[in-house]
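Residue numbers (the numbering used here), protein chains in the order written: chain A, 146 to 259; chain B, 1498 to 1615.
Read through the structure below, which is laid out as structure tokens, and then see the notes.
In structure tokens:
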């Protein structure tokens, strides 16, 4: 049973295009939603979203959470070849045992061609 | 430099052998995690530990074991009982905020170990 669903699973664009990546989730005791970028090895942190409707920005990347729709989007404007990576969405929730866990989506593989 | 290190980077194992993957962090984080990543599968949680000498099974713990004798270290053993161990293994750590504090925990990842069973 998928708790975090990302779409599309892969995307090929040209440099300069704008892309929108989607993440929807279904968990109980939601704490936050996180976006990571994974190139060759370790995922690197992009954003953590806890409040609905507040956009977070970092350069050409931005993200927003919609708790009513149980979803988030990650936007990348003016894409560059260096944006090529797998973008992972993860949702943090509190378990019955009282600890926090992350559940990941399968990722969106973005390829930016020159 | 603070961070998470994993070793080895690449590991080859014969069927029927146990192997241990190392994960060390000097971030003074309480919580540590092991994930497995397969193509098209995202990251799946194997084991996690919120505090020294305590750990819990994740979603795919069968065929794996861990220990947490020191705060800095969280080694993962892939046993011969794991039927399909070839994968990319990622270790992560985070500050374990109190649940009551209502603060979520960002996880920091190590560079990973790619395990191949021959």
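Yeah, the Cβ is synthetic: ideal placement off N, Cα and C, and Gly gets one too.
Quick check on residue 226(A): does DSSP put it in helix, strand or coil? helix
Output the distance between the C-alpha atoms of residue 125(A) and residue 1577(B), rounded to the nearest integer angstrom. Since the first residue shown for chain A is 146 and the last is 259, residue 125(A) is missing from the structure and cannot be characterised.
DSSP state of residue 1526(B), grouped into three classes? coil
With a threshold of 16 other CB atoms inside 10 Å of the CB of residue 249(A), please say whether the residue is buried or exposed. buried
Starting from residue 1539(B) and walking both ways along the beta strand (DSSP E), at which residues does that stretch end? 1539–1548
Which of the three DSSP states is assigned to residue 1592(B) in this structure? coil
Closest by CA to residue 1546(B), which one among 180(A), 201(A), 228(A) and 242(A)? 242(A)
Coil, strand or helix - residue 1501(B) by DSSP: strand
Just mark residue 1581(B) as buried or exposed, buried being the case when its beta carbon has 16 or more other beta carbons within 10 Å. exposed
Please confirm whether residue 1608(B) has its beta-carbon closer than 8 angstroms to some beta-carbon of chain A. yes
Cα-Cα separation, residue 1542(B) to residue 173(A): 17 angstroms
Could you give the uninterrupted runs of the beta strand (DSSP E) lying entirely in the segment 156–187 of chain A, keeping only those of 3 residues or more? 164–170 and 175–183
Using DSSP with H/G/I as helix, E/B as strand and the rest coil, what is residue 217(A)? strand
Reduced DSSP category for residue 258(A) - H, G, I as helix; E, B as strand; rest coil: strand
What residue from 189(A), 181(A) and 218(A) has the CA that sits closest to residue 198(A)'s CA? 218(A)
Check the Cβ of residue 1542(B) against every Cβ in chain A and list those closer than 9 angstroms, keeping chain order. 246, 247, 248 and 249
Are the beta-carbon atoms belonging to residue 1560(B) and residue 233(A) less than 8 angstroms from one another? no
Taking the C-alpha atoms as reference points, what is the distance between residue 1552(B) and residue 155(A)? 35 angstroms
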